[in-house]
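Note sheet for the following structure.
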Amino acid sequence: MSKRSIKIVVTGASGQLGQCLKSISTNWDYSITFLDKQNLDITSVKQVYDVLTTIQPDIIINTAAYTHVDLAEEESDRAYQINAEAVNTVTRFCKENETKLIHISTDYVFDGEGLEPYTEERETNPKTVYGASKLAGENSILNSNLAAFWIIRTSWLYSNYGKNFYKTILDLADKNTILSVVNDQWGSPTRAEELADFILRYLPQLSSETRGIYHFSNSGSCTWFDFAKAILNKHNSHTEITAIKSSEFPTKARRPSYSVLDNSKITQVFKYKFKNWLDALG
Ligand SMILES: NC(=O)C1=CN([C@@H]2O[C@H](COP(=O)(O)OP(=O)(O)OC[C@H]3O[C@@H](n4cnc5c(N)ncnc54)[C@H](OP(=O)(O)O)[C@@H]3O)[C@@H](O)[C@H]2O)C=CC1
Ligand SMILES: Cc1cn([C@H]2C[C@H](O)[C@@H](COP(=O)(O)OP(=O)(O)O[C@H]3O[C@@H](C)C(=O)[C@@H](O)[C@H]3O)O2)c(=O)[nH]c1=O
Numbered sequence: 018m019s020k021r022s023i024k025i026v027v028t029g030a031s032g033q034l035g036q037c038l039k040s041i042s043t044n045w046d047y048s049i050t051f052l053d054k055q056n057l058d059i060t061s062v063k064q065v066y067d068v069l070t071t072i073q074p075d076i077i078i079n080t081a082a083y084t085h086v087d088l089a090e091e092e093s094d095r096a097y098q099i100n101a102e103a104v105n106t107v108t109r110f111c112k113e114n115e116t117k118l119i120h121i122s123t124d125y126v127f128d129g130e131g132l133e134p135y136t137e138e139r140e141t142n143p144k145t146v147y148g149a150s151k152l153a154g155e156n157s158i159l160n161s162n163l164a165a166f167w168i169i170r171t172s173w174l175y176s177n178y179g180k181n182f183y184k185t186i187l188d189l190a191d192k193n194t195i196l197s198v199v200n201d202q203w204g205s206p207t208r209a210e211e212l213a214d215f216i217l218r219y220l221p222q223l224s225s226e227t228r229g230i231y232h233f234s235n236s237g238s239c240t241w242f243d244f245a246k247a248i249l250n251k252h253n254s255h256t257e258i259t260a261i262k263s264s265e266f267p268t269k270a271r272r273p274s275y276s277v278l279d280n281s282k283i284t285q286v287f288k289y290k291f292k293n294w295l296d297a298l299g
């Protein structure tokens, strides 16, 4: 399949990753249709079939998701509808139409009790509704026996688009708030533009040979406190910041203490070189 002929649909197009994909899409010779929730609500089986049958994409990049980690604890049904049932519908469409699927998942599928980076083979054990609903989405793809799919688990995504920790910290700093940030949860911040670039650059290699789960995160690890400090540094902000324990920042959903992803499979399979998280922050 030549690059020019690849027809792609991006779901959840007005979200963070969707907007990153759109912002760099002109660098590529693909025919990409960006569909936000108004144009394609993935929880509507009829819309999924009507819209996608009309477009007949070669590849669907599913960035649509319910990502409100705390609210999901109260809106479990909605989280499962979007992150699990709708993923099942999209997967069914892909299977029936021989469409390839790139689906995005999360480090929160792990319980965070590990002490070393999580490989793709490691047992999952989500502790939050968000994580469990995303895992259910992964499982519907894995159980479908779809010929060509990538499930890309990423972590701590940030960019200038949408809502994310990076922007929240800058907003709080702007308001001159004294920041208190947890220093006992470890992970790997991942620049969303880098993930978007990886997806568009490597998608011609999506095939039955490369199908499977992949971990994509910038290399190295830090705590949310380290990340916040680096964000403030980058923006020459002198806002005061204190390291606190998770117990001092109670949230509805308990985040994993350690959710660093081992990204070496992508390096091995695609010869891809990840940036360190601090270098990626710039
Ligand atoms: N953000 C992060 O830190 C991380 C994200 N991920 C995963 O990466 C993917 C992209 O995340 P990100 O872009 O940051 O998330 P966003 O929340 O920014 O984007 C998700 C988009 O999906 C849309 N959406 C929600 N419900 C539906 C629906 N029924 N039909 C169609 N679209 C819908 C949302 O619209 P609306 O907001 O209007 O509901 C939103 O625009 C997700 O799968 C997420 O789970 C993984 C690890 C880290
Ligand atoms: C804003 C803020 C957060 N925190 C803590 C709360 C939490 O434990 C941690 C992260 O905060 P957030 O709620 O912004 O991040 P959170 O929504 O948990 O981010 C997650 O989003 C989902 C979608 C994913 O898939 C994950 O990879 C991850 O990126 O930092 C502070 O300690 N101080 C603060 O001022």
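Count along the sequence shown from 1, then add 17; that gives the number in this note's numbering.
By construction, the Cβ of each residue, glycine as well, lies at the ideal position given by its N, Cα and C atoms.
Computed from a predicted structure; not experimentally measured.
- Measuring CA to CA, which of Thr136, Ser150 and Gly29 is closest to Ser234? Thr136
- Message: Within the continuous beta strand (DSSP E) that includes Asn79, where are the two ends?
- Response: Ile76 to Asn79
- Message: DSSP three-state label for Asn105, please.
- Response: helix
- Item | Residues sharing a beta bridge with Phe110, DSSP | According to DSSP, which records beta bridges pairwise, Phe110 is partnered with nothing at all.
- Query: What is the DSSP secondary structure of Phe244, reduced to helix, strand or coil?
  - Reply: helix
- Message: Does Ile25 pass the burial test, meaning 16 or more other C-beta atoms within 10 Å, or should it be called exposed?
- Response: buried
- With ligand 1 as the reference, list in chain order each residue whose Cβ lies under 5 Å from any of its heavy atoms. Gly29, Ser31, Gly32, Gln33, Leu34, Lys54, Asp58, Ile59, Thr60, Thr80, Ala81, Ala82, Thr84, Ile99, Ile121, Thr123, Thr171, Leu174 and Gly179
- State the CB to CB distance for the pair Trp173 and Gly204, rounded to an integer number of angstroms; the pair is presumed to be in contact (CB under 8 Å). 5 Å
- Check whether the Cβ atoms of Gly96 and Tyr147 sit closer than 9 Å, and answer yes or no. One detail in the question is off: residue 96 reads as Ala in this sequence, not Gly. Yes. Within cutoff.
- Query: If we call anything under 9 Å between Cβ atoms a contact, is Trp294 one with Tyr231?
  - Reply: no
- Query: Applying the criterion that 16 or more other CB atoms from any shown protein chain within 10 Å of the CB defines a buried residue, is Gly32 buried or exposed?
  - Reply: buried
- Message: If you follow the alpha helix (DSSP H) that Ile41 is in, where does it begin and where does it stop?
- Response: Gln33 to Ile41
- Task: Tell me, to the nearest whole angstrom, how far the beta carbon of Glu257 is from that of Leu196; I am working on the premise that it is less than 8 Å.
- Result: 7 Å
- What residue range is occupied by the uninterrupted alpha helix (DSSP H) comprising Ile186? Phe182 to Asp191
- Task: Note down the Cα distance separating Ala103 from Ala297, rounded to an integer number of angstroms.
- Result: 33 Å
- Query: By a C-beta neighbour count over all protein chains shown, 10 Å radius and 16 as the cutoff for buried, is Lys269 buried or exposed?
  - Reply: exposed
- Should Leu196 be flagged as near chain D, meaning a C-beta pair shorter than 9 Å? You won't find chain D in this structure, because it holds only one protein chain.
- Item | For Val286 and Leu34, the rounded distance between their alpha carbons | 23 Å
- Item | Presumed contact (8 Å Cβ cut-off) between Leu118 and Thr171, rounded CB distance | Leu118 to Thr171, Cβ: 16 Å. No contact.
- Residue environment, His252, which counts as buried when at least 16 other CB atoms sit within 10 Å: exposed
- Quick one: does the C-beta of Gln202 sit closer than 8 Å to a heavy atom of ligand 2? yes
- Message: Considering only DSSP beta bridges, list what Arg228 is partnered with.
- Response: BP columns for Arg228 are empty, so no partner.
- For Phe51, which beta-bridge partners are listed by DSSP? Val27
- Ignore the nearest five residues each way along the sequence and tell me which others in Asp75's own chain have a CB closer than 6 Å to its CB. Ile23 and Lys24
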